[in-house]
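Take any residue in the sequence shown, note its place counting from 1, add 386, and you have its number in this note's numbering. Below is one structure, written out as structure tokens; comments come after it.
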Amino acid sequence: MEKTLVILKPSCVQRTLIGEVISRFEKKGLRLAGIKMILLNDTILNEHYAHLKDKPFFQRVKDSMQICPVILQCWEGIDAAKVVRTLIGVTNGRDAAAGTIRGDFSVSAQENIVHASDSAESAKIELKRFFRDDEIFDYKLSTLANLYASDEI
Ligand code: ADP
């Protein structure tokens, strides 16, 4: 099954929303395959946000990501990257639909609570960036038959 990366940003940690946000992914039916707390540094953020390097807010975004530790997670499910992106909503919290994580908890384009890989291809690269192989666990959820039809799995 597909795996994707989620980062609970300092805006999530500082606003004590860690449990609330993780429970959204759990309740949806995704399987938590890996989780850890780390303090990001400039080197890894230069790589992770390379697509933003010419934006005027690049340094500000990187600084904001280093205010305190973040929570990294690997979630698994069918079409996991797409499912997670739908759950988090669009980048700017003011534009994000109510019911999404950003729509419910963010009023900012920058302080938007959560990062999630934007495709299955990016997820593979991003998971390798943040997790060692032995930090990803392949146990089976006993509820699998209640989550998917037999022809889906
Ligand atoms: P997403 O996180 O939705 O995939 P991007 O990859 O475009 O969006 O941007 C990465 C992060 O950079 C965003 O989540 C947000 O924290 C920050 N960001 C993006 N656009 C802006 C902006 N216009 N002003 C401030 N910060 C921004």
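Just so it is clear, CB atoms sit at the ideal spot from N, CA and C, and this is done for glycine as well. All values derive from a computational prediction rather than experimental measurement.
Could you check the C-alpha separation between residue i and residue j for me, to the nearest Å?
i: Asp490; j: Lys526; result: 31 Å
i: Gln496; j: Ser528; result: 38 Å
i: Ser508; j: Glu406; result: 25 Å
i: Ile499; j: Ser492; result: 7 Å
i: Phe444; j: Tyr534; result: 40 Å
Can you determine whether any heavy atom of the ligand ADP sits closer than 7 Å to the C-beta of residue i, and answer yes or no?
i: Phe443; result: yes
i: Asp481; result: no
i: Val392; result: no
i: Asp537; result: no
i: Thr472; result: no
i: Val447; result: yes
Is there a Cβ of chain D sitting closer than 8 Å to that of residue i, yes or no?
i: Asp537; result: In the displayed structure, chain D is absent; only one protein chain is listed.
Here's the rule: buried if 16 or more other CB atoms are within 10 angstroms of the residue's CB, otherwise exposed. What is residue i?
i: Ser540; result: Limits of the chain in this structure are 387 at one end and 539 at the other, which puts residue 540 out of reach.
i: Leu403; result: buried
i: Gly485; result: exposed
- Message: For the structure I just gave you, are there three or more beta carbon pairs, one from the region 398-409 and one from the region 453-468, closer than 8 Å?
- Response: The region 398-409 makes contact with the region 453-468: 3 or more CB pairs, one atom from each, lie closer than 8 Å.
- Message: Count Cβ pairs between the region 476-493 and the region 509-523 that sit closer than 8 Å; are there 3 or more?
- Response: Contact between the region 476-493 and the region 509-523 is absent, because fewer than three Cβ pairs lie under 8 Å.
- Would you list, in sequence order, the uninterrupted beta strand (DSSP E) runs of no fewer than 3 residues that lie entirely inside the region 398-429? Taking 3 residues as the shortest admissible run, the region 398-429 contains the following complete beta strand (DSSP E) segments, listed from N- to C-terminal end: 417-424.
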